[in-house]
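Participant: If you're matching positions, the sequence shown starts at 7 in the numbering used here and goes up one per residue. Just so you know, even glycine gets a beta-carbon here, dropped at the ideal spot from N, CA and C. Quick caveat: nothing in here was measured; it's all calculated off a predicted structure. Dropping the structure in here first, questions after.
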Amino acid sequence: MKRLILWLIVALTIATQAIAANVEPRHGLSVFGDLKYGPSFEHFDYVNPLAPKGGAIMISGLDTFETIHPFILKGRKELLAEPLLYDTLMARSFDEPDSYYSLVAKTVEIPKDKRWIAFNINPRAKFHDGTQVTASDIVFTFKALVKDGHPRYRINFRDVAEVKATSPSRVMFIFTPGTHRDLPTRLAALPVLSKDYYEAVDFKKTTFRPALTSGPYRVSKLEAGRSITYSRVKNYWAKDLPVNRGRYNFDRIKIEYYRDREVAFQAFFSNQYDYREEFTSRQWATQYNKPPVNKGLVVRETLPDETPSGVQAFILNLRRAKFQDIRLRIAMDLAFDFEWTNKTLFYGLYERTNSMFENSNLAAKGLPSKAELAILKPLRGEIPKEVFERPFSSPVNDGSGRIRSNLRKASSLLKQAGYSVKNGVLQDRSGQPLTIEFLLFEASFKRIINPYIRNLKRLGIQAYLRIVDVANFKRRQDKFDFDVVVRRIAQPLTPGIEQRNYFGSEFVDVEGSFNVGGVKNPAVDALIEEVITARNRNKLIVATRALDRVLMWNRYVVTQWYKGVHNIAYWNKFDRPAFPPKFDTGVIDTWWYNSDKASMIKKGVAPPIPEGALPPPNGN
């Protein structure tokens with residue numbers, strides 16, 4: 007078999023080389039071939055190409071960071087290390103779903119059948135020490151990431167049969183036979199690492215030592231685990247490329263880490279940092295009545311979020327025998343009172359999630375279409391029959407906190423599953439009590455989980471909450487040593503091979519994989535392949551909706567909530583482009599510092615309020 011595979015690779019290589027000359031180099035790449043910007047474009051539409059450079063922006067991070075090496079499994083990563091320090095082969099456009107344009111790779115070559123892809127390195131591309139980026143650096147990067155990097159790289163790039171430098175400035179990736187719709191753009195997003203640097207440095211180790219990089223910023227100051235400051239590289243080789251004009255305008259970007267959310271919140275109003283996105287509905291609704299807001303020094307805005315929300319949920323670990331029974335999973339869903347939680351704790355600011363692809367046209371709505379049925383019918387008997395009968399909807403309550411009807415349904419399901427209550431404790435057929443541990447790393451979620459636990463205890467389930475430090479939490483999650491965790495599964499605008507990592511059977515036992523819940527279902531695997539092999543966006547939408555229905559009706563998670571907006575607040579010393587990127591806030595890489603506004607802030611004088619800003623909570 008190995009000889010056959012080798013022969014196929016050799017044959018493919020020969021064929022590839024024979025037709026490579028007939029492939030025209032191009033400036034951009036997308037999954038389905040549609041590009042907004044032509045070869046001569048000067049800048050993205052969502053930037054101000056004349057934005058001034060200078061000043062600083064300070065943001066906050068939660069808890070700590072254990073490494074600035076973003077490419078390995080070990081250690082809690084610094085938030086901005088990867089996007090600020092490392093160039094990629096091509097740069098993503100944030101007003102298109104899946105398009106990439108020339109950066110380190112000046113041009114890209116790819117045949118119609120997508121059997122291979124070649125990147126031609128820009129001769130101007132340099133690392134910060136002045137050495138040139140070459141094809142051998144790209145080959146090294148790929149091999150290091152696949153061999154010693156985070157498991158996601160092995161997953162994403164497993165269909166690359168061979169990578170080679172065909173010249174000092176050209177690197178070629180040859181694919182195994184099959185359909186590889188997403189693989190070219192995944193490779194376009196490949197970070198660029200220095201081969202020479204890592205000849206003297208162990209790639210596999212966590213570190214606070216800045217690596218040799220080529221991106222728009224470098225690390226200028228670091229307090230391990232507490233703060234990091236990035237400084238703009240004034241002679242950055244790519245600063246004038248079309249993909250970078252109007253971007254990376256701050257001279258310094260500082261991230262201050264806070265171990266406590268409340269401390270971080272109060273620090274913002276003390277002007278310890280400049281910008282925050284508010285994720286806590288209670289604070290957004292009630293806690294912004296502060297002097298800096300009322301005086302107009304701090305601005306609040308609600309920006310549209312046009313990216314898929316994915317799903318935030320209680321993830322049930324299906325590797326645990328008890329969660330293999332769908333009746334227990336449904337019972338747990340029935341015990342969660344979203345309506346009371348939203349009304350009492352969230353001030354009605356959220357909606358219940360009913361899809362793995364919420365807040366997008368990828369989410370399944372209504373009954374399956376004819377196109378969906380064509381995919382689903384061959385799986386009849388392997389997937390829940392409800393898929394064909396009705397749209398999925400999470401249990402609904404009236405918001406009063408009284409959920410007796412749903413708890414009765416849950417109790418009946420548990421009885422059917424072989425559980426019985428003795429002395430107020432739910433036991434299985436062997437007399438063992440049913441225990442469920444919720445694993446967390448931050449105390450702020452207690453107020454949400456504790457009412458849920460009370461409902462579960464009304465069913466006789468011995469539910470409890472365990473809060474551990476971040477390092478312990480990550481270790482236990484990576485090793486799947488938990489009953490239930492809270493996690494968000496973020497979804498891209500163009501779902502593809504990452505779905506294998508999220509829900510694919512082959513990654514159930516891969517330490518650190520994103521299949522945290524342990525989904526292992528051949529029918530789900532088949533639907534994932536339908537998503538991956540979809541040849542156009544309409545077929546992709548159909549396949550994704552079919553997958554969504556099956557995932558939701560299998561009740562793998564207890565969904566929580568979402569909101570289709572970004573709630574942001576910032577000290578009013580920044581300006582931004584007239585048209586923001588569609589699929590990003592654009593704060594870090596498209597906003598810029600306004601020195602006049604900053605001077606007014608220092609004097610306690612309110613600068614002009616941006617159009618669209620919310621009024622102060624007190625109405626002033």
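Please determine if the stretch 43 to 57 and the stretch 550 to 558 are in contact, where contact requires at least 3 C-beta pairs separated by less than 8 Å.
Facilitator: Segments in contact, no.
Participant: Indicate the three-state DSSP secondary structure (helix, strand or coil) for residue 412 in the structure shown.
Facilitator: The count along the sequence shown starts at 1 and reaches residue 412 at position 406. If DSSP states are grouped into helix, strand and coil, residue 412 belongs with the helices.
Participant: Is it the case that the Cβ atoms of residue 78 and residue 201 are separated by a distance below 8 Å?
Facilitator: As a first step, residue 78 must be located in the sequence shown, where it is residue number 72. As a first step, residue 201 must be located in the sequence shown, where it is residue number 195. Contact flag unset, no.
Participant: Which full runs of the alpha helix (DSSP H) of 4+ residues lie inside the stretch 419 to 445, going along the chain?
Facilitator: Runs found: none.
Participant: Start and end of the beta strand (DSSP E) containing residue 297?
Facilitator: For this step, residue 297 is matched to residue 291 along the sequence shown. Note, residue 297: premise wrong, no beta strand (DSSP E); alpha helix (DSSP H) at 297 to 300.
Participant: Look up residue 601 in the DSSP assignment and say whether it is helix, strand or coil.
Facilitator: Locating residue 601 in the sequence shown gives position 595, where the first residue counts as 1. Helix at residue 601.
Participant: In chain order, what residues of the same chain have a beta carbon less than 7 Å from the beta carbon of residue 616, not counting five sequence neighbours either side?
Facilitator: As a position in the sequence shown, residue 616 is number 610, starting the count at 1. If we look at residue 616 and ignore the five residues flanking it on each side, its Cβ neighbours are 305.
Participant: Could you name the residues of the same chain whose beta carbon sits closer than 7 Å to that of residue 33, not counting the 5 residues immediately before and after it, in chain order?
Facilitator: For the purposes of this step, residue 33 is taken as the residue at position 27 of the sequence shown. Hits under 7 Å: 45, 107, 108, 113.
Participant: Since residue 452 is in the alpha helix (DSSP H), which residue starts that stretch and which ends it?
Facilitator: Taking the sequence shown and counting its residues from 1, the one referred to as residue 452 is at position 446. 452 to 464 is the extent of the alpha helix (DSSP H) around residue 452.
Participant: Give the DSSP-derived three-state secondary structure of residue 310 in the structure shown.
Facilitator: One-based indexing of the sequence shown puts residue 310 at position 304. Residue 310: strand per DSSP, three-state reduction.
Participant: Suppose the cutoff is 8 Å on Cβ atoms and the five residues either side in sequence are ignored; what does the same chain contact list for residue 73 look like?
Facilitator: Here the question's residue 73 lines up with position 67 in the sequence shown. Counting only Cβ-Cβ distances below 8 Å, and skipping sequence neighbours, we find 80, 81, 82, 83, 84, 212, 213, 214.
Participant: Is the beta carbon of residue 401 sitting closer than 8 Å to the one on residue 373?
Facilitator: On the sequence shown, residue 401 is found 395 positions in, with the first residue counted as 1. On the sequence shown, residue 373 is found 367 positions in, with the first residue counted as 1. In this structure, residue 373 does not lie closer than 8 Å to residue 401 by Cβ.
Participant: Give the secondary structure of residue 242 by DSSP, where H, G and I count as helix, E and B as strand, and everything else as coil.
Facilitator: Here residue 242 is taken as the residue at index 236 of the sequence shown, counted from 1. Note: residue 242 maps to coil in three-state DSSP.
Participant: Inspect the beta-carbon positions of residue 233 and residue 131 and report whether they are closer than 8 Å.
Facilitator: Translated into positions along the sequence shown, residue 233 becomes position 227. Translated into positions along the sequence shown, residue 131 becomes position 125. No. Outside cutoff.
Participant: With DSSP as the reference, please indicate the residues paired to residue 197 in a beta bridge.
Facilitator: Locating residue 197 in the sequence shown gives position 191, counting from the first residue. 94, per the DSSP bridge assignment.
Participant: Going by the CB atoms, is the gap between residue 510 and residue 484 shorter than 8 Å?
Facilitator: Translated into positions along the sequence shown, residue 484 becomes position 478. Translated into positions along the sequence shown, residue 510 becomes position 504. No. Outside cutoff.
Participant: Rank 407, 291, 449, 391 by C-alpha distance to the C-alpha of residue 621 and give the top, closest one.
Facilitator: The residue given as residue 621 occupies position 615 in the sequence shown. Residue 621 has its Cα closest to that of 291, out of 407, 291, 449, 391.
Participant: If you draw a straight line from the C-alpha of residue 362 to the C-alpha of residue 317, how long is it?
Facilitator: In the sequence shown, the residue the question calls residue 362 occupies position 356. In the sequence shown, the residue the question calls residue 317 occupies position 311. Looking at the two C-alpha atoms, the distance is approximately 5 Å.
Participant: Is the stretch 518 to 534 close to the stretch 463 to 477, with three or more CB pairs under 8 Å?
Facilitator: Contact between the stretch 518 to 534 and the stretch 463 to 477 is absent, because fewer than three Cβ pairs lie under 8 Å.
Participant: Taking only three categories from DSSP, how would you classify residue 114?
Facilitator: Within the sequence shown, numbered from 1, the residue matching residue 114 stands at position 108. If DSSP states are grouped into helix, strand and coil, residue 114 belongs with the strands.
Participant: What's the C-alpha gap between residue 388 and residue 92?
Facilitator: Your numbering for residue 388 matches position 382 in the sequence shown. Your numbering for residue 92 matches position 86 in the sequence shown. Each residue's Cα considered, the two are about 45 Å apart.
Participant: Inspect the beta-carbon positions of residue 188 and residue 502 and report whether they are closer than 8 Å.
Facilitator: As a first step, residue 188 is located in the sequence shown; it is residue number 182 there, counting from the start. As a first step, residue 502 is located in the sequence shown; it is residue number 496 there, counting from the start. Cβ distance < 8 Å, so residue 188 and residue 502 count as in contact.
Participant: Starting from residue 467, trace the beta strand (DSSP E) both ways and give me its first and last residue.
Facilitator: For the purposes of this step, residue 467 is taken as the residue at position 461 of the sequence shown. Careful: residue 467 lies outside any beta strand (DSSP E) and carries neither H nor E.
Participant: List the endpoints of the continuous beta strand (DSSP E) containing residue 273.
Facilitator: As a position in the sequence shown, residue 273 is number 267, starting the count at 1. Premise fails: residue 273 lies in the alpha helix (DSSP H), 267 to 275, not in any beta strand (DSSP E).
Participant: Specify the secondary structure class of residue 482 as computed by DSSP and reduced to three states.
Facilitator: For the purposes of this step, residue 482 is taken as the residue at position 476 of the sequence shown. It is helical.
Participant: Taking 8 Å as the cut-off, decide whether the C-beta atoms of residue 433 and residue 333 are in contact.
Facilitator: Counting from 1 along the sequence shown, the entry for residue 433 is found at position 427. Counting from 1 along the sequence shown, the entry for residue 333 is found at position 327. No; because the gap between Cβ atoms is not below 8 Å, this pair is not in contact.
Participant: With DSSP collapsed to three states, give me the class of residue 581.
Facilitator: Working through the sequence shown from its first residue, we reach residue 581 at position 575. Correct three-state label for residue 581: strand.
Participant: With which residues is residue 318 paired in a DSSP beta bridge?
Facilitator: Taking the sequence shown and counting its residues from 1, the one referred to as residue 318 is at position 312. For residue 318, which the question treats as bridged, DSSP gives the partners 494.
Participant: Take residue 259 as the anchor and find which of 228, 275, 247 has the nearest alpha-carbon.
Facilitator: On the sequence shown, residue 259 is found 253 positions in, with the first residue counted as 1. Cα-wise, what sits closest to residue 259 is 228.
Participant: Can you name, in chain order, every residue of its own chain whose Cβ lies under 6 Å from the Cβ of residue 88, other than the five neighbours on each side?
Facilitator: For the purposes of this step, residue 88 is taken as the residue at position 82 of the sequence shown. Cβ within range, chain order: 76.
Participant: Which of helix, strand or coil does DSSP assign to residue 249?
Facilitator: Counting from one through the sequence shown, the residue named residue 249 turns up at place 243. Three-state result, residue 249: coil.
Participant: Considering residue 287, what are the terminal residues of the alpha helix (DSSP H) in which it resides?
Facilitator: Counting from one through the sequence shown, the residue named residue 287 turns up at place 281. Taken as a continuous stretch (DSSP letters only), the alpha helix (DSSP H) holding residue 287 covers 287 to 292.
Participant: Apart from the five residues on each side of it in sequence, which residues of its chain come closer than 6 Å, Cβ to Cβ, to residue 299?
Facilitator: The count along the sequence shown starts at 1 and reaches residue 299 at position 293. These residues qualify, in order along the chain: 622.
Participant: Once you ignore the five residues that flank residue 338 on each side, which residues in its own chain have a CB closer than 6 Å to its CB?
Facilitator: By 1-based counting over the sequence shown, the position of residue 338 is 332. Cβ neighbours of residue 338 beyond the five flanking positions: 564.
Participant: Apart from the five residues on each side of it in sequence, which residues of its chain come closer than 7 Å, Cβ to Cβ, to residue 147?
Facilitator: Locating residue 147 in the sequence shown gives position 141, where the first residue counts as 1. The answer, listed in chain order, is 196, 197, 198, 199.
Participant: Can you tell me where the beta strand (DSSP E) holding residue 504 begins and where it ends?
Facilitator: What you label residue 504 is simply residue 498 of the sequence shown in a count that begins at 1. No beta strand (DSSP E) contains residue 504, which is instead part of the alpha helix (DSSP H) from 504 to 509.
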